[in-house]
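Oh and the sequence shown: position 245 is 245 in UniProt numbering, straight run, nothing missing.
Each residue gets a CB set at the ideal place from its N, CA and C atoms; glycine is no exception.
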Amino acid sequence: MFRVSDFEDFFSRRCVWVNGPVIVGAGPSGLAVGACLKEQGVPFVVLERADCIASLWQKRTYDRLKLHLPKQFCQLPKVPFPEDFPEYPTKKQFIEYLESYAKRFEINPRFNECVQSAKYDETLGLWRVKTVSASSGARSEFEYICRWLVVATGENAEAMMPEIEGLSEFRGNVIHACHYKSGEDYRGKRVLVVGCGNSGMELSLDLCNHEAFPSMVVRSSVHVLPREVLGKSTFELAVLMMKWLPLWLVDKLLLILAWLVLGNIEKYGLKRPPVGPLQLKNSAGKTPVLDIGALSKIKSGDINIVTGIKRFNRDSVELVDGEKLDVDSVVLATGYRSNVPSWLQESEFFSKNGLPKTPFPNGWKGKAGLYAVGFTRRGLSGASSDAVKIAQDIGKVWKEETKQKKHTTACHRRYRSVQMGSLTEIGQSCIIIM
Ligand SMILES: Cc1cc2nc3c(=O)[nH]c(=O)nc-3n(C[C@H](O)[C@H](O)[C@H](O)COP(=O)(O)OP(=O)(O)OC[C@H]3O[C@@H](n4cnc5c(N)ncnc54)[C@H](O)[C@@H]3O)c2cc1C
1 MFRVSDFEDF
11 FSRRCVWVNG
21 PVIVGAGPSG
31 LAVGACLKEQ
41 GVPFVVLERA
51 DCIASLWQKR
61 TYDRLKLHLP
71 KQFCQLPKVP
81 FPEDFPEYPT
91 KKQFIEYLES
101 YAKRFEINPR
111 FNECVQSAKY
121 DETLGLWRVK
131 TVSASSGARS
141 EFEYICRWLV
151 VATGENAEAM
161 MPEIEGLSEF
171 RGNVIHACHY
181 KSGEDYRGKR
191 VLVVGCGNSG
201 MELSLDLCNH
211 EAFPSMVVRS
221 SVHVLPREVL
231 GKSTFELAVL
241 MMKWLPLWLV
251 DKLLLILAWL
261 VLGNIEKYGL
271 KRPPVGPLQL
281 KNSAGKTPVL
291 DIGALSKIKS
301 GDINIVTGIK
311 RFNRDSVELV
321 DGEKLDVDSV
331 VLATGYRSNV
341 PSWLQESEFF
351 SKNGLPKTPF
361 PNGWKGKAGL
371 YAVGFTRRGL
381 SGASSDAVKI
391 AQDIGKVWKE
401 ETKQKKHTTA
411 CHRRYRSVQM
421 GSLTEIGQSC
431 IIIM
């Protein structure tokens, strides 16, 4: 039933009919889909909550960050990285690459538009995507109506903040890793880094390089692999081996190589999980750490490994093994999560954790024109492969319908009726994006 509040809501928002898909998120995944759709000749709109593309990379990463994987595994569809870029491009180079990618494919996102909700309207047979825009202080609301919805908000949309007893009483500075820029601000300080994934390890290394004193919390277990073996990327080796060998065997070989290059890391407090690194990545999405120097600082004692946290006090932290450490600052390298459940009103395709329920390689397409890109825990190469499939899928329907349109004026009756009927009825509030 249509309630008065729905009626008011409908008329207070500016309504935008998009003749093509709406892509939510202008990170690498959203840009990749945009580029592939351009090639198919399909128009689209990209909605981005930040004021720039790739906001994760531009605003929520540390200065020393480089791509963790060699560049050939991180390029987006159709455009390789420039040849003069190093094998592991810096964050600045990666952003440059993405900026020129967006320019090349003329992708112009609508910035400062945060999607608040998206719902499939069974009656219209269309998606209704509501946004709030807050650019230059003025708040405006839009409702986009479209046939296809591409979710590209990423696996890392929100920082995960752990609940730790006493943390609110701690008097020192506490930040999430997404706000950490450089160890410069921590010179001479005792810093507790909570988390031992790639971010925790790299931040600890950065802190050491800036003469701070990091202690890194390793609560459970972690796989550390050398980034390279005999000058060859470990990731590339794993990809090669997986072409011929079963996963369990590749895992065994990787662990032997890791042992030969890094030695026994367990004696430094870095316990290995019982499951191999690739199997763990597949089953729990936990990425192995690719070491770029933190391990030698752990071996030398410059990075102090500590066990799990029991509670914080005003100036210190108590650990589960009974040790008490005085600390000045805390950096929470505790990861990120998807924000899809907070805005997408759908429960068939996406699970409660904000990732598609169907595992790779089938997690890119839902029902009623819903798509997901970049949610397969396979980094940028996974996002690229999703993007190509999504654009082909939409492009096929688009081409068939536009071909038909040339031959018969009667086609698109339903969509036109939405365009010409209910939407134009709201007069000046209606914008049509073709
Ligand atoms: C520190 C770090 C290093 C990494 N290094 C690598 C690497 O070397 N290689 C690799 O393959 N992967 C790497 N990754 C994985 C990373 O997920 C990808 O690099 C990439 O950024 C994912 O792109 P995405 O577009 O899917 O998500 P994101 O880059 O997170 O982009 C999603 C976009 O959606 C926007 N958004 C979110 N919610 C909304 C909303 N409600 N409305 C509108 N817009 C919204 C966000 O502002 C953001 O701009 C790294 C991740 C991190 C955190």
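Exercise for the section: Tell me whether His68 counts as near ligand 1, meaning its Cβ is closer than 7 Å to at least one heavy atom of that ligand. Expected result: yes
Practice task
Give the straight-line distance between the Cα atoms of Pro28 and Lys324, rounded to the nearest whole angstrom.
Solution key: 43 Å
Practice task
Tell me Pro214's beta-bridge partners as DSSP assigns them.
Solution key: Val191
Handout entry: Contained alpha helix (DSSP H) runs [length at least 4] in the segment 193 to 257, N- to C-terminal order
Key = 198 to 209 and 234 to 244
Problem - Sequence-distant residues of its chain with Cβ nearer than 8 Å to Ser106 (five each side left out) - result: Note that residue 106 corresponds to Glu in the displayed sequence, not to Ser. So the list reads Lys38, once near-sequence residues are dropped.
Handout entry: Close-in-space but distant-in-sequence residues of the same chain around Tyr415 (CB under 6 Å, 5 per side omitted)
Key = Unreliable placement is indicated for Tyr415, whose pLDDT of 41 sits below 50; the coordinate value is still reported in the next sentence. Once the five neighbours on either side are set aside, Tyr415 has no close Cβ partner at all.
Exercise for the section: Please confirm if the segment 126 to 141 is in contact with the segment 153 to 170, defined as three or more CB-CB distances below 8 Å between the two stretches. Expected result: no
Exercise for the section: Identify whether Phe44 lies in helix, strand or coil by the three-state DSSP scheme. Expected result: coil
Exercise for the section: Out of Val46, Leu76, Cys52 and Arg14, point me to the one whose CA is closest to Ser385's CA. Expected result: Leu76
Exercise for the section: Could you give the DSSP three-state label for Thr153: helix, strand or coil? Expected result: coil
Exercise for the section: Determine the DSSP secondary structure at Tyr62, reduced to helix, strand or coil. Expected result: coil
Handout entry: N-terminal and C-terminal residue of the alpha helix (DSSP H) that Ala284 is part of
Key = Pro277 to Ala284
Handout entry: Close Cβ partners of Lys181 (< 7 Å) along its chain, the five nearest in sequence each way excluded
Key = Tyr62 and Asp63
Practice task
Could you please give the first and the last residue of the uninterrupted alpha helix (DSSP H) stretch that includes Glu99?
Solution key: Lys91 to Arg104
Exercise for the section: Could you tell me the distance, in whole angstroms, from the CA atom of Phe349 to the CA atom of Ile53? Expected result: 26 Å
Handout entry: Given Phe44 as reference, the closest of Val115, Val150 and Ser100 once Cα atoms are compared
Key = Val150
Problem - Any non-hydrogen atom of ligand 1 closer than 7 Å to Gly25 Cβ - result: yes
Exercise for the section: Look up residue 435 in the DSSP assignment and say whether it is helix, strand or coil. Expected result: Only positions 1 to 434 of the chain appear in the structure, and residue 435 is not among them; the question remains open.
Exercise for the section: Have a look at Asn156, Glu113, Lys310 and Ala159 and flag the residue whose alpha-carbon is nearest the alpha-carbon of Glu143. Expected result: Glu113
Practice task
Check whether the segment 205 to 212 touches the segment 223 to 230, counting contact only when three or more Cβ pairs, one atom from each stretch, lie closer than 8 Å.
Solution key: no
Exercise for the section: List the endpoints of the continuous alpha helix (DSSP H) containing Ile305. Expected result: No alpha helix (DSSP H) holds Ile305; the beta strand (DSSP E) holding it covers Asn304 to Val306.
Exercise for the section: Give the straight-line distance between the Cα atoms of Val18 and Leu280, rounded to the nearest whole angstrom. Expected result: 41 Å
Handout entry: For Gly20, the three-state DSSP class (helix, strand or coil)
Key = coil
Handout entry: Lys324 - partner residues in DSSP beta bridges
Key = Glu318
Practice task
Just confirm the distance between the C-beta atoms of Phe111 and Glu48, as a whole number of angstroms; I'd bet it's less than 8 Å.
Solution key: 5 Å
Problem - Inter-residue Cα distance where the pair is Leu67 and Thr90 - result: 6 Å
Exercise for the section: Could you name the residues of the same chain whose beta carbon sits closer than 6 Å to that of Glu318, not counting the 5 residues immediately before and after it, in chain order? Expected result: Lys310, Arg311 and Lys324
Exercise for the section: Whole angstroms is fine: what's the gap from Val218's alpha carbon to Tyr268's? Expected result: 11 Å
Problem - Host alpha helix (DSSP H) of Phe290 (start-end) - result: First, the residue type needs correcting, since residue 290 is Leu and not Phe in the sequence shown. No alpha helix (DSSP H) holds Leu290; the beta strand (DSSP E) holding it covers Val289 to Asp291.
Handout entry: Nearest-angstrom Cβ-Cβ length linking Ala102 and Val373, presumed shorter than 8 Å
Key = The Cβ separation is near 15 Å, so there is no contact.
Practice task
Look at Pro86 and Ser233 and say whether their C-beta atoms are less than 8 Å apart.
Solution key: no
Exercise for the section: Name the two residues that bound the continuous beta strand (DSSP E) containing Lys119. Expected result: Glu113 to Asp121
Problem - Buried versus exposed, by CB contacts within 10 Å (16 or more), Ile23 - result: buried
Handout entry: Close-in-space but distant-in-sequence residues of the same chain around Arg13 (CB under 8 Å, 5 per side omitted)
Key = Lys130, Glu141, Phe142, Glu143 and Ser429
Handout entry: Anticipated Cβ contact below 8 Å, Ile292 with Glu202, distance rounded
Key = 7 Å
Exercise for the section: Output the distance between the C-alpha atoms of Pro21 and Glu346, rounded to the nearest integer angstrom. Expected result: 17 Å
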